[in-house]
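Q: Attaching a single structure in structure tokens format; questions to follow.
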Amino acid sequence: MKQISIGAYFTSS
Amino acid sequence: MFEARITQGSVLKKLVEALKELVTEGNFDVSSTGLTLQAMDSSHVCLVSLTLRDDGFDHYRCDRNMAMGIHFGNLSKILKCAGNEDTITLKAEDNADTLTLMFESANQDRISDFDLKLMSIESEHLGIPDQDYSAEIKMPSAEYQRIVRDLTSIGDTVLISATKEGIKFSTSGDVGTANITLRHNTTPEKPEEQTIIDLKEPVALTFALRYLNNFSKATPLAPQVKLSLTKDLPIFVEYQVGDLGNVRFFLAPKIDD
Numbered sequence: 001m002k003q004i005s006i007g008a009y010f011t012s013s
Numbered sequence: 014m015f016e017a018r019i020t021q022g023s024v025l026k027k028l029v030e031a032l033k034e035l036v037t038e039g040n041f042d043v044s045s046t047g048l049t050l051q052a053m054d055s056s057h058v059c060l061v062s063l064t065l066r067d068d069g070f071d072h073y074r075c076d077r078n079m080a081m082g083i084h085f086g087n088l089s090k091i092l093k094c095a096g097n098e099d100t101i102t103l104k105a106e107d108n109a110d111t112l113t114l115m116f117e118s119a120n121q122d123r124i125s126d127f128d129l130k131l132m133s134i135e136s137e138h139l140g141i142p143d144q145d146y147s148a149e150i151k152m153p154s155a156e157y158q159r160i161v162r163d164l165t166s167i168g169d170t171v172l173i174s175a176t177k178e179g180i181k182f183s184t185s186g187d188v189g190t191a192n193i194t195l196r197h198n199t200t201p202e203k204p205e206e207q208t209i210i211d212l213k214e215p216v217a218l219t220f221a222l223r224y225l226n227n228f229s230k231a232t233p234l235a236p237q238v239k240l241s242l243t244k245d246l247p248i249f250v251e252y253q254v255g256d257l258g259n260v261r262f263f264l265a266p267k268i269d270d
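Sequence order for the protein chains is A and B.
Sequential numbering of the first sequence, starting at 1, is according to our numbering.
Sequential numbering of the second sequence, starting at 14, is according to our numbering.
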């Protein structure tokens with residue numbers, strides 16, 4: 001299994 | 014000028030102890046509405062969001078928005094010098110390169126001040142949308158701590174499944190397997206001892222136990238913790254810190270390759 005960066009789930013503000 | 018005073022200084026000590034292993038450094042963003050911090054762990058799979066509201070402090074003043082770059086290990090060293098009963102005041106001039114921490118004992122007979130060197134930290138700010146989750150579980154924070162600690166001794170990852178039967182934490186490893194199921198339980202008289210499961214639809218997600226275990230370092234801050242789950246999204250683990258604010262952790266799920 002893999003884990004992607006948490007940043008990918010949120011938008012940059 | 015920034016100045017924030019908290020009579021219950023032990024809260025600040027507990028906050029920094031809860032965060033320092035997960036987050037090496039980050040910016041305290043201060044404004045007229047309070048102090049916030051948003052930071053990722055070094056592997057960028059989890060996000061910590063801290064909010065301390067201005068009205069939660071005994072005195073709060075911030076004339077100008079500032080980002081104060083903090084090394085949490087160093088802040089922890091300084092806060093260890095504060096007594097548990099001390100009042101703590103944080104102070105910084107505009108554009109200062111240090112944050113002053115002043116500790117006053119309860120009977121005012123010992124006053125100390127420490128200056129923490131600030132750092133310049135580039136940080137990306139992420140927008141965290143308010144959203145409805147498939148399952149929200151409020152439980153005693155000590156219970157959450159016990160579950161993740163126990164399962165960490167068995168396996169590396171945990172499958173959390175929320176169904177109408179309850180919420181099940183499952184893991185496996187070299188020694189075997191483990192399943193712990195919690196059911197909705199509102200019978201304890203004290204609200205903080207209750208387990209409340211609000212399920213909109215069943216959901217099951219896998220997470221690295223190491224991080225969930227790390228989040229539980231916030232246990233001394235709050236009697237209850239809330240876990241929120243939605244398919245394919247990070248778990249949201251929240252501790253309310255009295256009237257002062259909250260600490261929120263987000264952890265990316267483990268997904269199939």
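A virtual CB, placed ideally from N, CA and C, is assigned to each residue, including glycine.
1) Helix, strand or coil: which one does DSSP assign to B/Val29?
2) Please determine, among B/Ile173, B/Val260 and B/Thr165, the residue with the shortest C-alpha to C-alpha distance to B/Pro233.
3) Does any CB atom of chain A fall closer than 9 Å to the CB of B/Ile167?
4) Please identify the residue among B/His57, B/Leu65 and B/Val216 whose C-alpha is closest to the C-alpha of B/Thr176.
5) Measure from the C-beta of B/Val58 to each C-beta in chain A and report whether the shortest distance is under 9 Å.
6) Using alpha carbons as the reference points, say which of B/Val24, B/Arg77, B/Leu112 and B/Asn97 lies closest to B/Met1.
7) Taking only runs that begin and end inside the stretch 151 to 220 of chain B, name each unbroken beta strand (DSSP E) of 3 or more residues, in chain order.
8) Looking at C-alpha atoms only, which residue of B/Arg18, B/Val24, B/Glu34 and B/Ile167 is the closest neighbour of B/Val254?
9) For chain A, check one thing: does any of its Cβ atoms lie closer than 9 Å to the Cβ of B/Asp270?
10) Could one say the Cβ of B/Glu16 lies closer than 9 Å to chain A's Cβ atoms, at least one of them?
11) Here's a check: name, in chain order, each residue in its chain whose Cβ is nearer than 7 Å to the Cβ of B/Glu106, leaving out the five neighbours to either side.
12) CB-CB under 7 Å to B/Thr49, same chain, minus the five flanking residues each way: which ones, in chain order?
13) Please report the residue range of the beta strand (DSSP E) in which B/Lys93 lies.
14) Determine whether the Cβ of B/Phe263 lies closer than 9 Å to any Cβ atom of chain A.
A: Working from what's here:
1) helix
2) B/Val260
3) no
4) B/Val216
5) yes
6) No answer is possible for residue 1 of chain B: it lies beyond the span of chain B, which begins at 14 and ends at 270.
7) 170 to 176, 179 to 186, 189 to 195 and 209 to 212
8) B/Val24
9) yes
10) no
11) Met14
12) Asp42, Leu63 and Thr64
13) It is not in any beta strand (DSSP E) - B/Lys93 carries neither H nor E in the DSSP assignment.
14) yes
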